[in-house]
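Just below is one structure, and these are the notes that go with it.
In this note's numbering, the protein residues as written are 9 to 70.
Listed below in structure tokens is the structure:
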């Protein structure tokens, strides 16, 4: 965790089947493998950019 301790909880809510290969790789990079899998990640600009890239596949909570 970061010094501030801020995290984002990200959940995969849609299937990766039929999506772009780069979007599948982004989901894997976030630690999301199957539908309803959840990852708690550091709140960094890089992570926020990855979430923005696949916004239509995930649900995020602060």
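Even glycine gets a Cβ: it sits at the ideal position worked out from N, Cα and C.
This one's a predicted model, so the numbers in the text were calculated from it and none came from an experiment.
Considering only 51, 28, 43, 69, the residue with the shortest C-alpha distance to residue 21 is 43. Annotated three-state conformation of residue 60 is helix, per DSSP.
By the C-beta density criterion, residue 35 is buried, having at least 16 other C-beta atoms within 10 angstroms.
From the listed residues 64, 70, 68, the smallest Cα separation to residue 26 is found for 64. The continuous alpha helix (DSSP H) containing residue 34 extends over residues 29 to 37.
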